[in-house]
Structure formats: structure tokens, C-alpha cells
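Student: Those protein sequences? They're chains A and B, same order as listed. For the first sequence, this note's numbering assigns the number 17 to the initial residue and increments by one for each residue that follows. For the second sequence, this note's numbering assigns the number 17 to the initial residue and increments by one for each residue that follows. Don't be surprised by glycine CBs; every beta carbon is placed ideally from N, CA and C.
2 protein chains.
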Amino acid sequence: MDVNSKFSEISKGLKGSAVRELLKYAEKPDVISFGGGMPNPLSFPIKDVEDIVHYILENYGAKALQYGSTEGVEELRELISTRLNSKYNFNARKENIIMLNGSQSGLYMVSKVFLNRKDYVISEAPTYVGAIAAFNAQDPSWLAIDLENDGMDLNMLEKKIKFALNEGKTPKFIYVIPTFQNPAGLTWSLSKRKELLEIASKYDLIVFEDDPYSEIRFSGEPVSPIKSLDKENRVIYMGTFSKVLSPGIRLGYIFANDEILRKISLLKQGVDLCTNVFSQYLAMEYLKRGVIDQQVPKIVDLYRKKRDLMLESLEKYMPDGTEWTRPEGGMFLWVTLDKKIDTEILLKKALEKKVAYVIGSAFYPDGRGKNSMRLNFTYSKDNDIIEGIKRLGSVIREEMS
Amino acid sequence: MDVNSKFSEISKGLKGSAVRELLKYAEKPDVISFGGGMPNPLSFPIKDVEDIVHYILENYGAKALQYGSTEGVEELRELISTRLNSKYNFNARKENIIMLNGSQSGLYMVSKVFLNRKDYVISEAPTYVGAIAAFNAQDPSWLAIDLENDGMDLNMLEKKIKFALNEGKTPKFIYVIPTFQNPAGLTWSLSKRKELLEIASKYDLIVFEDDPYSEIRFSGEPVSPIKSLDKENRVIYMGTFSKVLSPGIRLGYIFANDEILRKISLLKQGVDLCTNVFSQYLAMEYLKRGVIDQQVPKIVDLYRKKRDLMLESLEKYMPDGTEWTRPEGGMFLWVTLDKKIDTEILLKKALEKKVAYVIGSAFYPDGRGKNSMRLNFTYSKDNDIIEGIKRLGSVIREEMS
Numbered sequence: 017m018d019v020n021s022k023f024s025e026i027s028k029g030l031k032g033s034a035v036r037e038l039l040k041y042a043e044k045p046d047v048i049s050f051g052g053g054m055p056n057p058l059s060f061p062i063k064d065v066e067d068i069v070h071y072i073l074e075n076y077g078a079k080a081l082q083y084g085s086t087e088g089v090e091e092l093r094e095l096i097s098t099r100l101n102s103k104y105n106f107n108a109r110k111e112n113i114i115m116l117n118g119s120q121s122g123l124y125m126v127s128k129v130f131l132n133r134k135d136y137v138i139s140e141a142p143t144y145v146g147a148i149a150a151f152n153a154q155d156p157s158w159l160a161i162d163l164e165n166d167g168m169d170l171n172m173l174e175k176k177i178k179f180a181l182n183e184g185k186t187p188k189f190i191y192v193i194p195t196f197q198n199p200a201g202l203t204w205s206l207s208k209r210k211e212l213l214e215i216a217s218k219y220d221l222i223v224f225e226d227d228p229y230s231e232i233r234f235s236g237e238p239v240s241p242i243k244s245l246d247k248e249n250r251v252i253y254m255g256t257f258s259k260v261l262s263p264g265i266r267l268g269y270i271f272a273n274d275e276i277l278r279k280i281s282l283l284k285q286g287v288d289l290c291t292n293v294f295s296q297y298l299a300m301e302y303l304k305r306g307v308i309d310q311q312v313p314k315i316v317d318l319y320r321k322k323r324d325l326m327l328e329s330l331e332k333y334m335p336d337g338t339e340w341t342r343p344e345g346g347m348f349l350w351v352t353l354d355k356k357i358d359t360e361i362l363l364k365k366a367l368e369k370k371v372a373y374v375i376g377s378a379f380y381p382d383g384r385g386k387n388s389m390r391l392n393f394t395y396s397k398d399n400d401i402i403e404g405i406k407r408l409g410s411v412i413r414e415e416m417s
Numbered sequence: 017m018d019v020n021s022k023f024s025e026i027s028k029g030l031k032g033s034a035v036r037e038l039l040k041y042a043e044k045p046d047v048i049s050f051g052g053g054m055p056n057p058l059s060f061p062i063k064d065v066e067d068i069v070h071y072i073l074e075n076y077g078a079k080a081l082q083y084g085s086t087e088g089v090e091e092l093r094e095l096i097s098t099r100l101n102s103k104y105n106f107n108a109r110k111e112n113i114i115m116l117n118g119s120q121s122g123l124y125m126v127s128k129v130f131l132n133r134k135d136y137v138i139s140e141a142p143t144y145v146g147a148i149a150a151f152n153a154q155d156p157s158w159l160a161i162d163l164e165n166d167g168m169d170l171n172m173l174e175k176k177i178k179f180a181l182n183e184g185k186t187p188k189f190i191y192v193i194p195t196f197q198n199p200a201g202l203t204w205s206l207s208k209r210k211e212l213l214e215i216a217s218k219y220d221l222i223v224f225e226d227d228p229y230s231e232i233r234f235s236g237e238p239v240s241p242i243k244s245l246d247k248e249n250r251v252i253y254m255g256t257f258s259k260v261l262s263p264g265i266r267l268g269y270i271f272a273n274d275e276i277l278r279k280i281s282l283l284k285q286g287v288d289l290c291t292n293v294f295s296q297y298l299a300m301e302y303l304k305r306g307v308i309d310q311q312v313p314k315i316v317d318l319y320r321k322k323r324d325l326m327l328e329s330l331e332k333y334m335p336d337g338t339e340w341t342r343p344e345g346g347m348f349l350w351v352t353l354d355k356k357i358d359t360e361i362l363l364k365k366a367l368e369k370k371v372a373y374v375i376g377s378a379f380y381p382d383g384r385g386k387n388s389m390r391l392n393f394t395y396s397k398d399n400d401i402i403e404g405i406k407r408l409g410s411v412i413r414e415e416m417s
């Protein structure tokens, strides 16, 4: 059968990456991998999950195993809106919250709701690799704006918006991860958050704020989510239970205005019908019992130590001319090497030395970032963090000599 | 903010249906609804789920709560392929199985992998309303082929294929639910299954076989899935745990050839990253312990009685000139009324009498089927089946007089 001629044009463009193949080696037990984006298994409240599941099946029984509405379990959406309102000063109502089978699914659906082929979409550069995969399924044109230490380069942003408008095309939305960004580990300043909204208002643009890590802050002062500064209801806010409960239960949510939420909901009927009901009841009890507020500080303590350990190890083992970010939270930090080093070539050598990372160019829609890498500090054991960075330092040193 | 101008063209076409709104009334407790497509709550093995979840958390712990691979948990895929091979004589290997967040997600992804806008897609008429929603998100052109008592009208099928080829466009795939079809409750004969494959082979077309109900057979002899007759590896086979375990855990799977599976997997990385891991472990133990083989006969017994009750009630209460199918399994039957009756107009009157169904035209991509309706017989209590059909009969009688 001739299958290839039958694939859609977008599907023909889907190619496996050589790096993804390489990273399969990183799964071998003797490789220390900073490549994944996984929470530490110690962060999962297994005993609480067991108690809660028992309770759910005894008390809700069949309801937790049945189909649910496309928007999600009402009581859970109510609890989420109450929590968001009290933590971040939102004015969310449950009607403006839709539950998702993981926030990756939100990335996909928002892009599908807005993007025709070749429409402009704006992101930070670097940006989340999963957002690149989701948005690319609509075949958009990217405007990837440099990320500085305090947020996007807003002069470049305005220049690129004007460039698109000159072509007669309004960019469809601005996608940002303003807090403990993935992959860079950087956090936008309050003033840049406000400025972004001013620019969005000036050009009547939508902001899509992806916020998986806000609760995982180790140090420094919390900064308000962009959504909490949004007086014009132009921000789509996305949250997830992946970092504060479990990623395996695939549960995220979007808070947005009526019109956007309605479109997402209509699309979702075709995309996956409804969100896992069992996971929703689990998260509902997790919130209702306040277990989340006992668990998050434990996760923060665990990860703070690991971040500190990685920063100390980088200080100790990295050659001069190497730079890295110092995240106040989240799961990742970003290393920039001497310009002549290509981290894709380096990866093979690193894997020979049994250490892995994700190459920087994976996080640029336009393939930049060749001399950079993302390191995850949450998953590895403490000793492995020290040993892994030591190995990485020696691989880089060798490459530089 | 001007949101509407920002929606993608496909998103602009997404409209809520008046009928869906009407059916919200059907959720009121005093309405007897044959409208939903829900398994009976009594069919869920709640006690087994509780035992299994306890075991999973004790024995797999963090692994069941962590991210998983895009393709799914290997041991589960192995168990599914073994089961399929022994039940249906497939020659599946775990490498050709991908797990899905519900089979709705499979409908969506297969359509996205193959369909450009205005590409031809072939389906039965009527067909599953969720497939219409999923495929329409790619804006295809439909060739909806009449469903006869023993399967598709294959003469019409060949005529429509030629029609498309004359336009220089090969239809991308033929979507069928050959066993206890949703909505019609009909089952394709073995000879039509073979003939379909011959036609598919002659024109080099892909067949997409959706098989959620095969295990739920009340009477008659099992007929082989089309996939088991497929010597050329051109059939994409989709199964689900929704009808044999629980729909709330959102778990389905696709068995297809290497090239197709690889494209689905690449697309899935952008669409939802991976399938719910907790649900996968639950299904894995459900299969491994053989609980499924104790549970399915119970579900079959429960639903057989309900089907019989609905058939008896239809016989008793429906006016002359009304016809209905007599399903040997599954969850639905299909009622065809006098040609002058429009079931969309009738629905308002039915809801006044506190009984609900889904209008036939919802199952036709081209809006045909105005004098028909789908009835679900699995969800309602026995007395409600009798009383509901009685009410429906009197509403129809009134309309005819």
C-alpha cells in the first residue's frame, strides 16, 4: 500500500528528531540524564492518592468512572477558581474554566482555535518544545522574540508585530511562560508583564500565559501572573496538576473569556470528548482536603536543594566562558557555552561519558541556540547531580581544548 | 477585544447545536433519556477497580503517577496485542499498538494525519456523531455511503470512489463501525467485510475500523473484525476500554502498520504528549488478572435484558409505519418514522412529555435522516425503558394524527 501519498501535508512535515532518538540512550540506567522534564518521584503524594482513591470509589463510585461533560467536573472547576482567586487575585468563575487532558492538550487546542496555516504566532526564544510541536501542527509562521533576564525583548516584540501588520496579518496570540520559564528558568519582571499587556492592548492581541511552575518557588518574591493584571480579558491562563500532584494523571485547565472558552469546548468535543473523570475526582479531593497545601512546600524544599546542588556543581566544574541561569523556581536551568560549541555534536560525546541534556536548538522554532542546553535539576538523585555536572564539565572542557 | 476576527477559519465554523442545547433538558431527573451514549453505572467493576488501584500504588507507586512514553505502557500494549491475537486472530505486536486518551482522540488524530482541507473521507451514513465532529475539524469533503442491513451499500461506495478519482482526488480513508454500529445498531456481514477489503485493495485505500462494541454481543454468531481479514495491512483498527471497563478513565488504542503508527505518535507528541499513565496501569491489571473476562459476561447479560425490554416495548407502543433495528449487541438501536415526521421538531414535544433521544440528522454529515432517531438502551432503568418508549410512542402517534 502506498501510505505516504495519503498523509496530509502537515503530517508529511512531522519528522522524528535525531536528538529524540539519541535521548533514548539517556534512559539507560547508567546514564545520568538532565534531559527529561520529569518531577521527582519523591514529590508524588502516593499515600494521599491511595486514601483519596479509596474515598472516591466509596463515595462517588460509578460517577467517577462514567463519561463527564466536555468542560469538566463542576465542583473541581469551582475549587480551582476559588484557589486561583485567593492566590493570584483573579476573578475566575467556574464557567470560565475548562479541564484538559494535560496542559499539552491546551497548547494544541488553543493553537487550533486560532491558527490558520501561515498565520503569525509569537513566542519567547527559547520556548517550550511541546508548544513548538503543538503549534507546528497548524503550520504557522513563528515570530520568536529573544528572552532577556527579565522577560521578552519588548522592543523586538513591537518591531515584529509591526512587521506582521505591514504584511496585513495580525499575529494571533503571544505565547509566554513568564514564571520560571521552560527551558530558560527565567522569570519576567512585574514591569515587563505590565508593558506586555500595554502592547497587547495597543495592537489588540491575545496573550496565552502558560503557568505550570508558579507554585514551585524556592526563593525571591512572588510576581503576579500576567492574568491577574489583565483588565481587558485578553489573557488565556493555563495551569496544570503535573507539577503539584502528578503528571501521569494528565490534568490541566484553561481560564479564559467566554468566547474563547466556548470555542475550545466545541473543538474539544471532536478532539477528545471529555477530560479523564477519575483524574478530576482525584484532583478535586486533593484540593478539597487541602493536601495540596501540605504537599507543595515539601516539593519546593526537595527541589530547592537540588537546584542549589546543581548551581554549586556548575560553579565548581564548568570551564570559564560558560554561563547559566539561576532560577528562583521551576525545574530547569539554561546553560550557554562558548559560541564555537555545537551542543548537538557535543551530545554524542556526553552520552559516551554517560550524561545527557536537551540541546538548545530544540527550543527555538527557527533552530537558533546551537551553543546552549537545558538542564533539568528536579529528577536526578543528589549524588547524580554532582557526578553528572562533573562529567558534563569535562566533556565541555575537552571540546573547548 | 475583537476575538472573533482572530479565530481560525475552521474554528469559526464550530457552532453549538440547538439539539445539544435541547438535550440539556434531558439531564433533568424526571426526564427519561435515551439520548446519551453512556454505559450503565452497574456495569462498572467498582470493587475490582478499588483492589487494583490499591495494588498499583503499593507495587508500582511513583511509576503510575509519572509521565509515560507517547506510545504507552509497554506491558499493557503487550497484553492488548495478546488478547487481540487470541480473540480475533490478529497478528499484532506491541510495537504496532499506541495507547490513546480515549478513542475519540484516535478519531481526531487519524483524521489529522490524513486529511487536508477538502480531501475526501468516506463513512457510513448514518455514522458516529463524534467522528463527524473529529473529522470536521480538518474541514474535509464527505462521501457518506448508505448503510444497509448487512453493511455499506458497496455499489454506491464504488461509484463515489470513482467520482472522487475523476476529480483527481483519492479518498483518504473509509471509516466504518462494522459491528453493532453507532448509531444504527447494525452489523456488517462477513461477505461485505471481504468485499470492502477487495474494493479497498483495488483502489489502494485505507480502512479505519472503529470497534468499541464487539465484545458486547447478546446473540447471534460473532463476525470477524475487518482487521482480521486484512492481508495487506491497510486497516487501522481502534479499540477502547470505555465499554468493558470505564469511559471515565479515557482509554483507547490503535493497532496499525508501522508508518501510520509512527505518524500518529509524532502527532500525539504535540496533541497530548502521552496517555494517562494511571489509567493504563489500571487497564493493565484489569487484563492481567483476567477480571475483564469475568466482567464482560455480566455487562452482556445486563444489556441483553435491556435490549429485549426496549424491543418488546417498541413492539407494544409504536404506531404502524414505524421501523427499528434489532441489534445483536452494542448500545443503540435506530428508529425510522413516517417520512413526514421531522424528529428535530418532534424532540421539543418529546421533552414536554419527559422523554429524550438523539435526532437522526446528527449522524449524517450531510444532514439527511430527518425522520429517524437513535435510542440508547443501556443506560436507563428497566421501568424507565418501558415508560419512556410508551411516552415516545404516544408523542409519535399524536404527531402522525
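I'd like to know whether the C-beta of Tyr87(B) is nearer than 9 Å to at least one C-beta of chain A.
Tutor: Inspection of the sequence shows that residue 87(B) is occupied by Glu rather than by Tyr. By this cut-off, Glu87(B) is not an interface position.
Student: Give me the Cβ distance between Glu214(A) and Met168(A), rounded to the nearest whole Å; I'm assuming they're in contact under 8 Å.
Tutor: Not really, about 13 Å apart at Cβ, beyond 8 Å.
Student: Alpha carbon to alpha carbon, what distance is there between Phe151(B) and Ala299(B)?
Tutor: Each residue's alpha carbon lies about 28 Å from the other.
Student: Between the segment 218-233 of chain A and the segment 187-194 of chain A, do at least 3 Cβ pairs fall closer than 8 Å?
Tutor: With a cut-off of 8 Å, the segment 187-194 of chain A and the segment 218-233 of chain A count as touching, because enough Cβ pairs lie within range.
Student: Quick one, are the C-beta atoms of Leu277(A) and Ile114(A) less than 9 Å apart?
Tutor: Yes, Cβ-Cβ distance for Leu277(A) and Ile114(A) is below 9 Å.
Student: Just to check my reading of the structure: Ile401(B) and Met326(B) have Cβ atoms closer than 8 Å, yes? What is that Cβ distance to the nearest angstrom?
Tutor: With a Cβ gap of about 5 Å, Ile401(B) and Met326(B) count as contacting.
Student: Distance check for Gln120(B) and Val239(B), CA to CA, integer angstroms please.
Tutor: Rounded to whole angstroms, Val239(B) to Gln120(B) spans 24 Å at the Cα level.
Student: For Thr352(B), does the three-state DSSP call read helix, strand or coil?
Tutor: In this structure, Thr352(B) counts as strand in the three-state DSSP scheme.
Student: Specify the secondary structure class of Ser9(A) as computed by DSSP and reduced to three states.
Tutor: Residue 9(A) lies beyond the residue range present for chain A, which begins at 17 and ends at 417; the question has no answer from this structure.
Student: Can you check whether the CB of Pro156(B) is closer than 9 Å to the CB of Val126(B)?
Tutor: The answer is no: Cβ separation not under 9 Å.
Student: Give a yes or no on whether the C-beta atoms belonging to Lys369(A) and Arg407(A) are separated by under 9 Å.
Tutor: It is a contact, given that the beta carbons lie within the stated cut-off.
Student: Asn117(B) and Ser295(A) look like a contact to me (Cβ under 8 Å); what is the Cβ gap, rounded to whole Å?
Tutor: In fact, because the Cβ distance is near 10 Å, the residues do not count as touching under 8 Å.
Student: Name the DSSP bridge partner or partners of Thr256(A)?
Tutor: Its beta-bridge partners are Gly268(A).
Student: How about Met347(B): is its C-beta nearer than 9 Å to some C-beta of chain A?
Tutor: It does not: the Cβ of Met347(B) has no partner Cβ on chain A nearer than 9 Å.
Student: Of all the options Leu289(B), Leu282(B) and Pro228(B), which has the alpha carbon lying nearest to the alpha carbon of Ser262(B)?
Tutor: Selected option, being the one with the closest Cα: Pro228(B).
Student: If Leu81(A) and Ile265(B) are in contact, beta carbons under 8 Å, what's the gap, nearest whole angstrom?
Tutor: Rounded, the Cβ-Cβ distance is 7 Å, consistent with contact.
Student: Which residues in the same chain as Pro343(A) place their Cβ atom closer than 7 Å to its Cβ, once the five residues preceding and following it in sequence are excluded?
Tutor: Excluding positions up to five away in sequence, the list reads Phe196, Gly201, Arg323 and Leu349.
Student: Taking 9 Å as the CB-CB limit, is Tyr319(B) close to chain A?
Tutor: Cβ-Cβ to chain A under 9 Å: no for Tyr319(B).
Student: Is the separation between the beta-carbon of Leu289(B) and that of Thr86(B) shorter than 9 Å?
Tutor: Yes, they are a contact pair.
Student: Of the choices Phe23(B), Leu212(B) and Arg209(B), whose alpha-carbon is the least far from that of Asn132(A)?
Tutor: Nearest of Phe23(B), Leu212(B) and Arg209(B) to Asn132(A), Cα basis: Phe23(B).
Student: Taking a contact to mean a Cβ-Cβ separation below 9 Å, would you say Asn56(A) touches Leu318(A) in this structure?
Tutor: It is a contact, given that the beta carbons lie within the stated cut-off.
Student: Nearest by alpha-carbon distance to Leu353(A): which of Gly337(A), Ala366(A), Ser102(A) and Leu367(A) is it?
Tutor: The shortest C-alpha separation from Leu353(A) is found at Gly337(A).
Student: Considering only the alpha carbon of each residue, which of Gly286(B), Glu328(B), Lys218(B) and Tyr269(B) lies closest to Lys110(B)?
Tutor: Closest option to Lys110(B), Cα to Cα, is Tyr269(B).
Student: Can you round the beta-carbon distance between Leu163(A) and Pro142(A) to whole angstroms, since I take them to be within the 8 Å contact cut?
Tutor: Correct: roughly 7 Å between the Cβ atoms.
Student: So with CB distances below 7 Å, who are the chain D contacts of Phe23(B)?
Tutor: Of the protein chains in this structure, namely A and B, none is chain D.
Student: Along the segment 222-240 of chain A, what residues have a CB closer than 7 Å to any CB found in chain B?
Tutor: Of all residues in the segment 222-240 of chain A, Ile222 have a Cβ within less than 7 Å of some Cβ in chain B.
Student: Does the beta-carbon distance from Arg390(A) to Phe50(A) come in below 9 Å?
Tutor: Yes, the pair counts as a contact, with Cβ atoms nearer than the cut-off.
Student: Pick from Ala160(A), Lys134(A), Gln154(A) and Val129(A): whose alpha carbon is nearest that of Tyr144(A)?
Tutor: Among Ala160(A), Lys134(A), Gln154(A) and Val129(A), the Cα nearest to that of Tyr144(A) belongs to Ala160(A).
Student: Express the C-alpha separation of Ile68(B) and Pro335(A) in angstroms, rounding to a whole number.
Tutor: Distance between the alpha carbons of Pro335(A) and Ile68(B) is about 51 Å.
Student: Give every residue of the same chain whose Cβ lies closer than 6 Å to the Cβ of Ser230(A), excluding the five residues on either side of it in the sequence, and list them in chain order.
Tutor: Cβ within range, chain order: Thr195.
Student: Can you list, in chain order, the residues of its chain whose CB lies under 7 Å from that of Asn249(A), leaving out five sequence neighbours each side?
Tutor: Taken in chain order, the residues that qualify are Asn273.
Student: Counting only runs of 3+ residues fully inside the segment 290-368 of chain A, write out the beta strand (DSSP E) ranges in chain order.
Tutor: Segments of the beta strand (DSSP E) lying fully in the segment 290-368 of chain A: 348-352.
Student: Could you check where the beta strand (DSSP E) with Leu116(A) kicks off and where it finishes?
Tutor: Element bounds for Leu116(A): Ile113 to Leu116.
Student: Work out the CA separation of Pro199(A) and Ser377(A) for me, nearest whole Å.
Tutor: Using only the alpha carbons, I get a separation of about 11 Å.
Student: For a cutoff of 9 Å on Cβ pairs, would you count Tyr83(A) as touching chain B?
Tutor: So yes, Tyr83(A) belongs to the interface.
Student: Below 9 Å between beta carbons: does that hold for Leu173(B) and Arg209(B)?
Tutor: Taking 9 Å as the Cβ cut-off, Leu173(B) and Arg209(B) do not qualify as a contacting pair.
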